[in-house]
Amino acid sequence: MVVENEVLPYWQWLWRGEGAALADGEGAIVRFGIIVLTLFVLALVGGFIVSLIRNGPVKAGERTYRTLVGGIGDLLRISPTRVWALAWLAIKESLRRRVWVALVVFGLILLSSSWFLGANFREPAPLYISLVTGWASLLVLLTALLTAAFSLPNDIKQKTIYTVATKPVRPVEIVLGRMLGFTVIGTALLAVMGVGSWFFVNGSLAHSHTIDKQSLTTLRDADGASLGLEGETSIDAFHKHAIDLGAEGEGLALMTHGHTHAIAGDDGDASVSEAQDYLRARVPQRGKIKFYNQQGVQVSKGISVGNEWAYRSFIQGASQAAAVWTFEGVNQSTLLEDEEGGQYLPVSLIVRVYRSYKGVIEEAIQGSIQLRNPETQVKSTLRVFPAKDFAIDTFDFANEQTDTEQNEITILDDLVSSDGRVEVIVQCLDRGQYFGFAQADCFVRRPEGSPLWNFVKGYLAIWMQMVIVIAIAVTMSTFLSGPIAMVAAVSFIVLGFFRAYFLKIALGESYGGGPVESFVRLVTQMNVMSPFPERTSGVVAMEAVDDVFQGAMRAVSYVLPDFSQYLDRVSYVASGFSIPADALARDLTVCLAYVVGLAIAGYFCLRTREVAK
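Take the sequence shown: its position 313, counting from 1, is numbered 312 in numbering that gives the first Met the number 0, and each next residue is one higher.
See the structure below:
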């Protein structure tokens, strides 16, 4: 799984972020306060200037003061009863607009998807989960956007708003009521889609096998005693499994296409269970990565093999090059217990293989993995493995090990340092071949969470997107007409999905310069890497205009919701990893901040609008 941005602990993210203290200004609460204060001052000054132009200096100051004081009073006297009554009106309005059609469309998509989806993929579960979450997100966001953006403008246009605005109802209650009502409708739609998605994914992936009796062979020890059987299953759902059966006929179908099967019975009459482990909720304990070059010298990153995306660095085979992860906090509780009562350290690894020459394509590239104590440099015996490109491979290191000199050691006593650190060393053994790694590609497996709860958390991420979209659309509709409000909301949302790239342009970190320079390069067919041949007055003017645009873009980026992070949360579910509780708490906090901020902004926009006055 790709993890480009580390998820900080919630309280660290909230108070100090990546800084050393609150005063560094890196915490979310500090940034939120700065943004709120800046927007408040801009809104106050902007409102005063508009009133100054319309009414003159005396009335401008009076009206600004009355609006500010009256607004604070209204915000402090919100009635939950009136908010719910207005929310109920929004719910009935949505039902009259037949929002349930989104469920019909979603059902048709699930029914027709079986025509072009199958289980003949190496990892079918991520494909199915991405399908259902992607369509659910699209349909719910589109429905929420259309209902929220056109509701208030239509009421104002048809003058039905008078039946509400003439009552003892505050504008803030109208805004909150709309947001709450549309959120309830969207929540109901999303809940139905989520339940349907869960049964669809499990039903589509469910299958079983029979044992191919002709493939069974008996395993015997040195004395000729039977140890069990090995063989294969039948080919079902476009694949088959290698199987290992114990002496009593019980065993396991080995991992293929991202799942296994339990086997129970006796020899050839053993029965194979339904597919297991398609849906996972792995809880990784991640470490810090460092690279060593061909001479064994530590470097900041590995070799580039020409990939434009520099997420992973590569190490050269048949050399001293290595990728080393350091894990902290390794203790007795980190080790898991096997069926025989022994303990082991569970390590998982994702390898990207780069072949500089084809070689024997049927043979896997060989790699090695071992544990090392960062203090004493004691290493466990080298463990050779065939690399599985872009697949999660598991290594269970028993607590009882032997070191490189064949001395008996244990992980906790000899390979873990006094402060709880252990290193995992991975190398490529084949000459001319390369292994690629990122920091998130190696982790210690903690006890897994519930796949069902993880699936719910994935839909909760979609729900938070929906709530923010509703808040944006309702706020836009308080001062814009329906179509314009929808276009403005869509623009805001699209920029939110591409916020990282938008911010990269604003900071001048993207190739090709700012907006004007990029346009000039496009028209003149000049590539983004070449500098301008001469620094003429036109180039200077272009850069000056770009500085203005980029400053405005930086300001806008501070209030853009980062919708891409919610997509990242859904990708956790598809990849079989548990969404961290810190990430979920962070996303809920951001969602609440946007709802509160947009509700207040929408209130003041509606309050200053000539509606039923």
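Ideal placement from N, C-alpha and C gives every residue a C-beta, glycine not left out.
Note that this is a predicted model, so its numbers are computed, not measured.
In the DSSP assignment, residue 51 falls outside any beta strand (DSSP E) and lies within the alpha helix (DSSP H) extending over 27-54. In this structure, residue 471 and residue 491 form a Cβ contact; the two beta carbons are roughly 5 Å apart against a cut-off of 8 Å. By the Cβ-count criterion, residue 333 is buried, with 16 or more other Cβ atoms from all chains shown falling within 10 Å of its own Cβ. Taking one beta carbon from each stretch, the region 537-550 and the region 86-104 have fewer than 3 pairs nearer than 8 Å; the two do not touch. Per the Cβ contact rule, the region 209-226 is not in contact with the region 495-512 (fewer than 3 Cβ pairs under 8 Å).
When the five nearest sequence neighbours on each side are left out, the beta carbons in the same chain lying within less than 7 Å of the beta carbon of residue 295 are those of 319, in order along the chain. In the structure shown, residue 407 adopts extended strand secondary structure according to DSSP, grouped into three states.
Judged by their CB atoms, residue 312 and residue 301 are nearer to each other than the 7 Å cut-off. For residue 312, the uninterrupted beta strand (DSSP E) segment begins and ends at 312-315. In the same chain as residue 78, and ignoring 5 residues on each side of it, the C-beta atoms closer than 7 Å to its own belong to 172, in chain order. In the displayed model, residue 478 falls within coil according to three-state DSSP, outside both helix and strand. For residue 549, the number of other beta carbons within 10 angstroms of its own is at least 16, and it is reported as buried.
Residues of the same chain with a CB within less than 7 Å of the CB of residue 269, apart from the 5 flanking positions on each side, are 210, 244, 248, 262, 263 in chain order. Remark: three or more beta-carbon pairs, one from each stretch, lie closer than 8 Å, so the region 9-18 and the region 582-600 are flagged as touching. Contact check for residue 576 against residue 382 fails: the beta carbons are separated by 7 Å or more.
Residue 327 carries a coil assignment under DSSP once its states are collapsed to helix, strand and coil. Put simply, the region 520-538 does not touch the region 435-449. Fewer than three CB pairs are less than 8 Å apart. For residue 504, the uninterrupted alpha helix (DSSP H) segment begins and ends at 498-505. Here residue 453 is buried: its Cβ has 16 or more other Cβ atoms, across all protein chains shown, within 10 Å.
Contact between the region 408-416 and the region 371-389 is present: 3 or more CB-CB pairs across the two stretches fall below 8 Å. The region 344-362 makes contact with the region 441-457; the number of CB pairs closer than 8 Å reaches 3 or more. Rounded to whole angstroms, the separation of the alpha carbons of residue 511 and residue 111 is 43 Å. Assigned with DSSP and collapsed to three states, residue 250 falls in strand. Residue 103 counts as exposed, since fewer than 16 other beta carbons sit within 10 angstroms of its beta carbon. The Cβ atoms of residue 405 and residue 316 lie no closer than 7 Å to each other.
Take residue 408, set aside five residues on each side of it, and the residues of its chain with a beta-carbon closer than 6 Å to its own are 400, 402, in chain order. In the three-state DSSP reduction, residue 207 falls in the coil class, being neither helix nor strand.
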